[in-house]
Amino acid sequence: MNLKTNSSGWLSTVAVIALLSAILIDHASAQRPTAMVFRRRAPNVVVFKIGHLATGTGPVIDGVMMRIKAGMIAEIGKKIAIPKGARVVDLGDSWVFPGMIDLQSKASMPHDLEEPRDAVDLDNRPSRAVVRDHRDFKLLAQAGITAVVITPSAEGVVSGVCAVVKSSSPARIAFGSGPVALALTASTQKRSRFPTSLMGAFQLLGQTLAKPSNKVLAAVAANQRASLIKVDTEAEIRAYLRLANALGLEGAMVTDGSVRRVMNDLVRPMSIALPAIGLNSPRRDLLLPAALDKSKHKVAFYSLTPDRSATDLRYAAALAVKMGLKRSAGLHSITKHPAEMAGMGKHIGTLAKGKDADFLVLSGHLLDLDAVLKQTWIDGHLVYQRSEKKAEVSR
37 MNLKTNSSGW LSTVAVIALL SAILIDHASA QRPTAMVFRR RAPNVVVFKI GHLATGTGPV
97 IDGVMMRIKA GMIAEIGKKI AIPKGARVVD LGDSWVFPGM IDLQSKASMP HDLEEPRDAV
157 DLDNRPSRAV VRDHRDFKLL AQAGITAVVI TPSAEGVVSG VCAVVKSSSP ARIAFGSGPV
217 ALALTASTQK RSRFPTSLMG AFQLLGQTLA KPSNKVLAAV AANQRASLIK VDTEAEIRAY
277 LRLANALGLE GAMVTDGSVR RVMNDLVRPM SIALPAIGLN SPRRDLLLPA ALDKSKHKVA
337 FYSLTPDRSA TDLRYAAALA VKMGLKRSAG LHSITKHPAE MAGMGKHIGT LAKGKDADFL
397 VLSGHLLDLD AVLKQTWIDG HLVYQRSEKK AEVSR
């Protein structure tokens with residue numbers, strides 16, 4: 037009898053433990069974060085009535101409507117049928133522009149990430165270190181920057197994979213992997229490993245892309261994946277041009293005013309990202325964007341936020357227009373062109389059906405610095421409102 041009682045009691049204990057384990061596992065599953073944290077928010081339908089719309093793909097359209105669904109632009113037109121239950125936002129006589137994009141940023145990045153790495157390091161991914169609720173992203177949205185490209189430090193000829201991050205609340209890492217970061221700068225050269233010179237860096241990068249060892253590098257070499265190459269000096273720029281011409285590379289050059297010294301060597305249209313100019317910039321740097329655009333090169337500005345003010349991006353484009361850059365090219369330099377250089381032109385940079393609903397609402401033209409930024413929208417959600425008075429909302 038005792039044996040039976042003990043056996044029955046043992047079985048009962050096992051059953052109780054199994055039941056409790058199932059309850060705990062189910063509770064843990066309910067509490068566990070899922071991969072949805074970086075995906076689009078819940079579907080919503082909003083119809084905007086807009087006084088002046090600059091899509092970034094043509095002339096400004098007056099008196100237009102735009103329908104947003106699930107964070108994407110579903111329709112743009114003079115007259116749009118308003119779906120039942122849709123939210124309607126009347127922006128009055130305001131101007132709407134694509135959100136600005138900073139092609140080089142360190143938003144939320146801790147400084148201790150700046151450390152020596154292997155010369156070819158695709159595993160260096162800033163996306164792992166992004167602090168999604170960091171104050172940097174709030175300041176970016178307040179300045180009208182809706183997306184940034186967070187770049188790894190240029191410690192190798194292949195420095196890592198950039199992160200494209202939306203300045204929402206909290207920030208959203210968008211589109212999976214961003215462009216691949218390349219470099220030929222002095223920071224890639226180390227006494228402790230190869231390369232130790234610019235020539236060595238040139239040879240290593242050339243060999244790496246001529247005979248790629250994995251699918252990512254093969255895609256970069258075939259121009260099927262975007263790349264950003266950091267080059268500072270005239271010698272570094274000339275070295276990259278030799279590689280670009282030999283291998284047919286189309287990656288964007290991230291450089292400075294030194295590019296003006298090689299203007300005659302730019303034999304084909306190229307994508308060139310320049311640091312944001314200001315009133316204290318040398319006159320030759322102020323005139324450079326217009327000269328590059330005139331020679332059919334794509335020009336983009338970057339501001340290295342938060343090391344520089346997020347407002348520098350808009351100011352640089354406006355100043356470049358004052359110094360001779362075409363107005364359309366000025367707008368593209370902080371919207372369309374950085375999106376294309378980052379390989380994200382299908383999603384952001386302009387306003388069109390099927391693209392992300394990232395846009396700005398202003399009292400005037402984006403490149404008129406007296407125009408006030410009223411609102412910033414990302415993925416169809418209002419993330420910044422300048423004044424307490426909200427846009428007129430009806431149903």
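Using the numbering used here, read the sequence shown as starting at 37 and increasing by one per residue. For glycine and all other residues, C-beta sits at the position ideal for the given N, C-alpha and C. The model shown is predicted, which means the values in this text are computed figures rather than measured ones.
Query                                                                                                           : Result
Buried/exposed call for Gly390, threshold 16 Cβ in 10 Å                                                         : exposed
Beta-carbon proximity list for Leu402, same chain, < 6 Å, skipping 5 on both sides                              : Phe133
Whether Gly87 touches Gly128 by CB criterion (8 Å)                                                              : yes
Cα-Cα separation between Gly196 and Ser213, rounded to whole angstroms                                          : 11 Å
Other residues of its chain near Arg422: CB distance less than 6 Å, five sequence neighbours each side excluded : Lys410
8 Å contact criterion, which Val194 and Leu218 should meet: CB distance rounded                                 : 6 Å
Three-way DSSP call (helix, strand, coil) for His373 in this model                                              : helix
Beta-carbon proximity list for Ala110, same chain, < 6 Å, skipping 5 on both sides                              : Arg103
Short Cβ contact (8 Å threshold) for Phe395 with Ile370                                                         : no
Sub-8 Å separation of Ile313 and Leu302 beta-carbons                                                            : no
C-beta atoms of Val267 and Thr291 nearer than 8 Å                                                               : yes
Near the ligand NAD: Leu139 beta-carbon under 7 Å from a heavy atom                                             : Absence of the ligand NAD is noted for the structure shown, with no ligands found whatsoever.
Those residues which DSSP pairs with Tyr338 across a bridge                                                     : Pro311
Beta bridge counterpart(s) of Thr182 as assigned by DSSP                                                        : According to DSSP, which records beta bridges pairwise, Thr182 is partnered with nothing at all.
First through last residue of the beta strand (DSSP E) which encompasses Gly242                                 : No beta strand (DSSP E) contains Gly242, which is instead part of the alpha helix (DSSP H) from 234-246.
Spatial distance of His170 from Ala282 (CA atoms)                                                               : 43 Å
Coil, strand or helix - Thr412 by DSSP                                                                          : strand
Test item: CB-CB of Thr435 and Cys198 under 8 Å                                                                 : For the chain, the structure presents residues 37 to 431; residue 435 sits outside this window and is missing.
Sequence-distant residues of the same chain with beta carbon closer than 7 Å to Asp157, five excluded per side  : Gly192, Val194, Ser195, Gly196
Cβ separation of Ala275 and Leu234, assumed to be a contact under 8 Å, to the nearest whole Å                   : 6 Å
Beta-ladder partner(s) of Arg123, from DSSP                                                                     : Val82
Beta strand (DSSP E) segment containing Val194, residue limits                                                  : 194-197
Gln67 to Thr224 span [Cα, whole Å]                                                                              : A caution first: Gln67 carries a pLDDT of 37, below 50, which makes its placement in the model unreliable, though a value can still be read off. Looking at the two C-alpha atoms, the distance is approximately 44 Å.
Validate contact between the segment 358-369 and the segment 326-336 using beta carbons, cut 8 Å, 3 pairs       : yes
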